[in-house]
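Have a look at the structure below, then the notes.
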Amino acid sequence: MKKAILYLLLFGAYIAHAQTISITINGGTEKSVKITLPVNGYYGLPNTKTYTLNEQSGIQVPNGLKTAGNIAIGYNGKTTRVFVEPGESLHVNITVAGKKQITDADGPNAAGIKLAEKLSHPFYQSGARTYFKKDSTMAGIVTLIKRDIDRETQPFDSLMVLKKITPAFYSGIKRDILCYYASVKAAVILVEYARSTYDVKHPTYKASLNKDMEAAWPEIYKNFPPDEYAAGSPDFYYYAKDYIMWYKTMYLGSKAGTYQAHPYNAENQYDMKYMAFDSYFTGKLKEYLLAMYLYEELLQQDYQPQLVQLYNRFNATYPASAYTTYLTPAVNNINTYLAKARENFKPNQRLLASSTINNFDELMVNFKGKTVFIDMWATWCGPCKAEFEFNPDLKKYLADNKVEMLYISMDKDNADKQWQEMIKYYDLSGNHVRTTDNLRTDLMNRFWDGKGYSIPRYVIVKDGVIVEKDALRPADKQKLYEQIGKYL
Numbered sequence: 000m001k002k003a004i005l006y007l008l009l010f011g012a013y014i015a016h017a018q019t020i021s022i023t024i025n026g027g028t029e030k031s032v033k034i035t036l037p038v039n040g041y042y043g044l045p046n047t048k049t050y051t052l053n054e055q056s057g058i059q060v061p062n063g064l065k066t067a068g069n070i071a072i073g074y075n076g077k078t079t080r081v082f083v084e085p086g087e088s089l090h091v092n093i094t095v096a097g098k099k100q101i102t103d104a105d106g107p108n109a110a111g112i113k114l115a116e117k118l119s120h121p122f123y124q125s126g127a128r129t130y131f132k133k134d135s136t137m138a139g140i141v142t143l144i145k146r147d148i149d150r151e152t153q154p155f156d157s158l159m160v161l162k163k164i165t166p167a168f169y170s171g172i173k174r175d176i177l178c179y180y181a182s183v184k185a186a187v188i189l190v191e192y193a194r195s196t197y198d199v200k201h202p203t204y205k206a207s208l209n210k211d212m213e214a215a216w217p218e219i220y221k222n223f224p225p226d227e228y229a230a231g232s233p234d235f236y237y238y239a240k241d242y243i244m245w246y247k248t249m250y251l252g253s254k255a256g257t258y259q260a261h262p263y264n265a266e267n268q269y270d271m272k273y274m275a276f277d278s279y280f281t282g283k284l285k286e287y288l289l290a291m292y293l294y295e296e297l298l299q300q301d302y303q304p305q306l307v308q309l310y311n312r313f314n315a316t317y318p319a320s321a322y323t324t325y326l327t328p329a330v331n332n333i334n335t336y337l338a339k340a341r342e343n344f345k346p347n348q349r350l351l352a353s354s355t356i357n358n359f360d361e362l363m364v365n366f367k368g369k370t371v372f373i374d375m376w377a378t379w380c381g382p383c384k385a386e387f388e389f390n391p392d393l394k395k396y397l398a399d400n401k402v403e404m405l406y407i408s409m410d411k412d413n414a415d416k417q418w419q420e421m422i423k424y425y426d427l428s429g430n431h432v433r434t435t436d437n438l439r440t441d442l443m444n445r446f447w448d449g450k451g452y453s454i455p456r457y458v459i460v461k462d463g464v465i466v467e468k469d470a471l472r473p474a475d476k477q478k479l480y481e482q483i484g485k486y487l
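Residues in the sequence shown are numbered consecutively from 0, following numbering that gives the first Met the number 0.
Dropping the structure here:
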């Protein structure tokens, strides 16, 4: 009996060990590691937990995966993906060497993990542009991509023959490579197709899609369908999204005459896209894609009431969904936003007469003899809105030093309502102006040499003279305050 109990204890200890992923950091200074796991075998949702390194610079992560897949290890601002099988014992070493991070692993797929680390895939849309610059014909692009697929997969073929990787790893890495390059090929075509949807006066308008691309588009989805197998790839959501939005809804819909009758617009775009996923997919895959669509749109922080309605619809359809927990916080933010939007402006929120201001000099007439800190932003600009987190400290510094705050929104007329709502929601105290076409053009010429614009952009002006054309961000706090202090 004692032997049986001892055996069970030892067996239980072995199982606990076998289901643990050990990660050791060598040479780093940061003390935390972020681990992101798939949810139900799918990627994209922030199923992330932060671990603190122990005295041996390591962490232990329970391996609760039910299907083989990638976990993401975030350290020192970089992310490493490591393939893990259910119940697998795996030890990962990450060595920080200057700006590089080198990953090694101990386990049945160590050689494959090491090789996979060398794969360098830029965002698929960037990859598409790179191939198009090399060869604008579809046949030429397909040849280039096939060459790169062969170059990337052949080393894994060799490892599989030598039995240095498991069949699950081999299948997973080939799927991920094929999904990435299928996304790239489809993106090459949709970028060209998009030109045919522009207004005829647009400088890059194109009347129709090239015949070779038109013929190649369905072949991409025939050869690598956006199905359950493909869904195991980290790049899958964007592949499926482009398939639904561009190929099925817009391209095939336009050919059939259904898209012209119901094109996307501000009032229906979220409903139409949600229903497109709902119509073309089924089962677990549909639930995941609907959740991912909502998550991606909520992430934009546009605070659209339509998204709350779709969230409620999703909850009614999937009342026990594992994905809901990742959607709820953003939906709560929308409800808070809508409540704030109904409030009146505060006395310290001054809206200037936007329609009468046509250039920067006219704008600065409002601030004669004063030092002004300018924040150029827009309602659609995520990084701009992220900087608002640091406004309380900035507000106090500016008030203490009698510096004027001016927010210049680069939004166009159709965003006027949302611009005013966001001033209230983010509690942006100070002076506000939304650009006319003339003012926006003048700002582009003055600050970006007439070559479009990039925001957020911060400027310091003293008595109408630009003294810092590209000032520090509010996130820089004390360094920014010292920069402003030079002009008090």
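Glycine is no exception: its CB is placed at the ideal position from the N, C-alpha and C atoms. These numbers were taken from a predicted model, which means no experiment stands behind them.
Check: Nearest-angstrom Cβ-Cβ length linking Val458 and Tyr486, presumed shorter than 8 Å; Outcome: The pair is not a contact, with the Cβ atoms about 12 Å apart (cut-off 8 Å).
Check: Three-state secondary structure (DSSP) of Lys367; Outcome: coil
Check: Per-residue DSSP class, three states only, for Asp526; Outcome: Nothing can be reported for residue 526: it is not among the residues displayed for the chain, which extend from 0 to 487.
Check: Cβ shell of Lys2 (< 8 Å), same chain only, five flanking positions each side left out; Outcome: Reliability of the predicted coordinates at Lys2 is poor, the pLDDT of 44 falling under 50, and the value obtained from them is presented with this limitation in mind. Excluding residues within five positions, none has a Cβ falling inside 8 Å.
Check: Helix, strand or coil at Lys339 according to DSSP, with G and I counted as helix; Outcome: helix
Check: Assigned exposure category for Gln153 - 16 Cβ within 10 Å defines buried; Outcome: exposed
Check: Cβ contact (3+ pairs, closer than 8 Å) linking the region 221-237 and the region 37-56; Outcome: yes
Check: Alpha-carbon to alpha-carbon, Ala214 and Leu52; Outcome: 53 Å
Check: Complete alpha helix (DSSP H) runs within the region 164-202 (minimum length 4 residues, chain order); Outcome: 166-194
Check: Local Cβ density within 10 Å of Phe10, reported as buried at 16 or more and exposed below that; Outcome: With a pLDDT of only 39 at Phe10, under the threshold of 50, the placement of this residue in the model should not be trusted, and no figure is reported.
Check: Contact check, Ile22 vs Val60, beta carbons under 8 Å; Outcome: yes
Check: Lys33 in three-state terms, based on DSSP; Outcome: strand
Check: 8 Å Cβ cutoff met for Phe389 and Tyr425; Outcome: no
Check: Limits of the beta strand (DSSP E) - the one that Glu467 falls within; Outcome: Val464 to Glu467
Check: Closest by C-alpha distance to Ala185, when choosing among Ser354, Tyr169, Ile422 and Ile243; Outcome: Ile243
Check: Chain-order list of residues whose beta-carbon lies under 6 Å from that of Arg445 (same chain, five-residue window excluded); Outcome: Phe359
Check: Pairwise C-alpha distance: Gly429 and Leu351; Outcome: 10 Å
Check: Straight-line Cα distance separating Gln305 from Tyr269; Outcome: 7 Å
Check: Own chain partners of Ala12 with C-beta closer than 6 Å, once the 5 adjacent residues on each side are dropped; Outcome: Because the pLDDT of Ala12 is 41, which lies under 50, any placement of that residue in the model is unreliable, and the question is left without a value.
Check: His431, buried or exposed, once every other Cβ within 10 Å from all chains shown has been counted against 16; Outcome: buried
Check: With 16 other Cβ atoms within 10 Å as the buried cut-off, status of Val376; Outcome: According to the sequence provided, residue 376 is Trp. The question's Val does not apply to it. Burial call: buried.
Check: Cβ-Cβ separation, Thr323 to Asn314 (assumed contact under 8 Å), whole Å; Outcome: 6 Å
Check: Within 8 Å, strictly: CB atoms of Asp226 and Met137; Outcome: no
Check: CB-CB length for Tyr406 against Asp374, believed under 8 Å; Outcome: 5 Å
Check: C-alpha gap between Gly252 and Gly463, whole angstroms; Outcome: 53 Å
Check: 6 Å CB neighbourhood of Tyr180 in its chain, flanking five on each side removed; Outcome: Ile144 and Ile148
Check: Host beta strand (DSSP E) of Thr23 (start-end); Outcome: Thr19 to Asn25
Check: Nearest-angstrom Cα separation, counted from Val364 out to Tyr279; Outcome: 56 Å
Check: Proximity to Leu309 [Cα-Cα], best of Tyr292, Val190 and Lys423; Outcome: Tyr292
Check: For Asp234, three-class secondary structure by DSSP; Outcome: coil
Check: Ranges of the alpha helix (DSSP H) found wholly within the region 93-164, counting only runs of at least 4; Outcome: 109-116, 123-133 and 137-160
Check: DSSP three-state assignment for Lys1, whether helix, strand or coil; Outcome: Low confidence applies here, because Lys1 scores a pLDDT of 45, under 50, leaving its location unreliable; read the following figure in that light. Looking at Lys1 - three-state DSSP - the assignment turns out to be helix.
Check: Helix, strand or coil at Asn311 [DSSP, three-state]; Outcome: helix
Check: Met404, enclosing beta strand (DSSP E) - first and last residue; Outcome: Glu403 to Ser408
Check: Contacts around Tyr228, its chain only, beta-carbon distance under 8 Å, and the 5 residues preceding and following it disregarded; Outcome: Arg174
Check: Identity of the residue in Val83, Gln100 and Val307 nearest Ala167 by Cα; Outcome: Val83
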